[in-house]
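Peer 1:
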Amino acid sequence: MTLRFPASLVAVYLVASALLVLGQAEEQAADVEFDNNWNSRLGCKCPEGQAEKQAADVHFDNNWNSPLDFECPEGQVITSVYSIHGDSYHDRRFKFGCRKVVDVNIPDFCRWTPSYVNVWKQPLGYACPRNFAIAGVSSFYLSRYEDRRWRFKCCRDNDYIGNPCAITDYLNDFDQVLNFTASARDVIRGWMSWYDGKTKDRRHQFLTCTMTK
Ligand SMILES: *[C@@H]1O[C@H](CO)[C@@H](O)[C@H](O)[C@H]1NC(C)=O
49 MTLRFPASLV
59 AVYLVASALL
69 VLGQAEEQAA
79 DVEFDNNWNS
89 RLGCKCPEGQ
99 AEKQAADVHF
109 DNNWNSPLDF
119 ECPEGQVITS
129 VYSIHGDSYH
139 DRRFKFGCRK
149 VVDVNIPDFC
159 RWTPSYVNVW
169 KQPLGYACPR
179 NFAIAGVSSF
189 YLSRYEDRRW
199 RFKCCRDNDY
209 IGNPCAITDY
219 LNDFDQVLNF
229 TASARDVIRG
239 WMSWYDGKTK
249 DRRHQFLTCT
259 MTK
């Protein structure tokens with residue numbers, strides 16, 4: 049894989065590496081909201097260097113190695129997911145986007161999965177029940193496993209069915225950016241991911257369904 053970083057980023061890399069040796073940066077990162085995510089730039093190997101610039105402006109829903117708890121506002125479901133991988137954290141940060149899909153009004157019924165749906169480092173495959181959509185996610189990280197376990201909040205509107213459904217391609221390569229936005233009438237019903245022990249990362253895929261009366 050070819051890395052094309054400007055010299056300034058290489059300098060940032062060297063400083064960042066020194067800080068990590070001292071073990072300070074990792075502790076600080078749990079609490080501090082940096083204005084620019086130098087470590088996310090580190091982890092980014094995107095073509096044209098665009099994604100790492102954009103990531104500096106993204107307000108992520110979780111910090112490195114920290115718990116993630118996200119729920120859409122009432123009436124909305126998750127329709128976009130943006131995520132970057134930080135090589136030195138062996139973790140991903142996520143940014144979720146919600147919206148009302150057509151005139152689906154989702155509070156009819158919601159429920160969280162009673163427990164975490166995946167085992168450390170094992171494939172994750174979860175689908176909400178038929179006609180439900182993902183409206184919240186929760187996960188936590190353990191450095192011992194360099195992985196996250198996930199739970200999902202599923203909601204439905206009794207007036208709508210989710211059909212047809214389709215499985216996306218892989219939405220990211222290992223270590224790379226994930227940037228997904230569902231089509232106008234689509235919701236995310238299921239989430240699949242595969243762990244790779246070499247990159248300590250997961251590749252993700254979604255099960256999407258089109259909302260119809
Ligand atoms: C994600 O991709 C869309 C185009 O599909 C683009 O407009 C948007 O800027 C990207 N988001 C980020 C944060 O890179």
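The numbering of the sequence shown is my numbering, which starts it at 49 and goes up by one.
Ideal Cβ placement from N, Cα and C applies to all residues, glycine included.
Since the model is a prediction, treat every value here as computed from it, not as a measurement.
Could you pull the start and end residues of the beta strand (DSSP E) that N211 belongs to?
Peer 2: If you number the sequence shown from 1, residue 211 lands on position 163. First-last of the beta strand (DSSP E) with N211: 209–215.
Peer 1: On the CB-based measure, 16 or more other CB atoms within 10 Å of its CB, does Q224 come out buried or exposed?
Peer 2: As a working mapping, residue 224 is identified with position 176 in the sequence shown. It counts as buried.
Peer 1: Measuring only the C-alpha atoms, how far is C203 from F157?
Peer 2: On the sequence shown, residue 203 is found 155 positions in, with the first residue counted as 1. On the sequence shown, residue 157 is found 109 positions in, with the first residue counted as 1. Using only the alpha carbons, I get a separation of about 6 Å.
Peer 1: When we look at the beta-carbon of W112 and count the other beta-carbons within 10 Å, is it buried (16 or more) or exposed?
Peer 2: Taking the first residue of the sequence shown as 1, we reach residue 112 at position 64. Flag for W112 reads buried.
Peer 1: Closer than 6 Å to a non-hydrogen atom of ligand 1 - does that hold for the CB of Y130?
Peer 2: Within the sequence shown, the letter at position 82 stands for residue 130. Checking the Cβ of Y130 against ligand 1 gives yes.
Peer 1: Taking S241 as the reference, which of T161, Y174, F108 has the closest Cα?
Peer 2: For the purposes of this step, residue 241 is identified with residue 193 of the sequence shown, where counting begins at 1. Out of T161, Y174, F108, Y174 has the C-alpha closest to the C-alpha of S241.
Peer 1: Please tell me whether K143 and V106 are closer than 7 Å, where the distance is taken between their beta carbons.
Peer 2: Start at 1 with the first residue of the sequence shown, and residue 143 comes out as number 95. Start at 1 with the first residue of the sequence shown, and residue 106 comes out as number 58. Cβ atoms of K143 and V106: closer than 7 Å.
Peer 1: Under a Cβ-count criterion, where at least 16 other Cβ atoms within 10 Å of its own Cβ denotes burial, should C120 be classed as buried or exposed?
Peer 2: In the sequence shown, counting from the first residue as 1, residue 120 sits at position 72. C120 is buried by the Cβ-count criterion.
Peer 1: Does the Cβ of R227 lie closer than 6 Å to at least one heavy atom of ligand 1?
Peer 2: Counting from one through the sequence shown, the residue named residue 227 turns up at place 179. Residue identity differs from the one stated: residue 227 is Asn in this sequence, not Arg. Within the cutoff, so yes.
Peer 1: Beta carbon of A214, beta carbon of T260: below 7 Å?
Peer 2: Taking the first residue of the sequence shown as 1, we reach residue 214 at position 166. Taking the first residue of the sequence shown as 1, we reach residue 260 at position 212. No, the pair does not count as a contact, with Cβ atoms beyond the cut-off.
Peer 1: For G91, count the other beta carbons within 10 Å of its own beta carbon; 16 or more makes it buried, fewer makes it exposed. Which is it?
Peer 2: Here residue 91 refers to the residue found at position 43 when the sequence shown is read from its first residue. With a pLDDT of only 41 at G91, under 50, the local geometry of the prediction cannot be trusted, and the value read off the model is given with reservation. Answer is buried; the Cβ neighbour count reaches 16.
Peer 1: Based on Cα-Cα distance, which residue from A230, F118, H133, G123 lies nearest to A103?
Peer 2: As a first step, residue 103 must be located in the sequence shown, where it is residue number 55. Comparing Cα positions, the closest option is H133.
Peer 1: Is it right to say S191 is buried, meaning 16 or more other beta carbons lie within 10 angstroms of its own, or is it exposed?
Peer 2: As a first step, residue 191 must be located in the sequence shown, where it is residue number 143. The residue in question, S191, is exposed, as its Cβ has fewer than 16 Cβ neighbours within 10 Å.
Peer 1: Starting from C146, trace the beta strand (DSSP E) both ways and give me its first and last residue.
Peer 2: As a first step, residue 146 must be located in the sequence shown, where it is residue number 98. Looking at the DSSP string, the run of the beta strand (DSSP E) that includes C146 is 139–147.
Peer 1: Taking the alpha-carbon positions, what's the Q208 to S136 distance?
Peer 2: Mapped onto the sequence shown, residue 208 falls at position 160. Mapped onto the sequence shown, residue 136 falls at position 88. The sequence shown places Tyr at residue 208, not Gln. So the two alpha carbons sit approximately 44 Å from each other.
Peer 1: Would the beta-carbon of F108 fall within 7 Å of that of R140?
Peer 2: As a working note, residue 108 is residue 60 in the sequence shown. As a working note, residue 140 is residue 92 in the sequence shown. No, Cβ-Cβ distance for F108 and R140 is not below 7 Å.
Peer 1: Buried or exposed: where does Q253 fall if 16 or more other Cβ atoms within 10 Å of its Cβ makes it buried?
Peer 2: Residue mapping note: residue 253 aligns to position 205 of the sequence shown, counting from 1. By the 10 Å Cβ count, Q253 comes out buried.
Peer 1: Pick out whichever of T216, T258, Y243 has its Cα sitting closest to the Cα of Q170.
Peer 2: Reading the sequence shown from its first residue, position 122 is the one you call residue 170. Selected option, being the one with the closest Cα: Y243.
Peer 1: Rounded to a whole number of angstroms, what is the C-alpha to C-alpha distance between S114 and V149?
Peer 2: If you number the sequence shown from 1, residue 114 lands on position 66. If you number the sequence shown from 1, residue 149 lands on position 101. So the alpha carbons of these two residues sit roughly 30 Å apart.
Peer 1: Ignore the nearest five residues each way along the sequence and tell me which others in V212's own chain have a CB closer than 8 Å to its CB.
Peer 2: Counted from its first residue, the sequence shown places residue 212 at position 164. Going by the sequence as given, residue 212 is Pro instead of Val. These residues qualify, in order along the chain: C257, T258.
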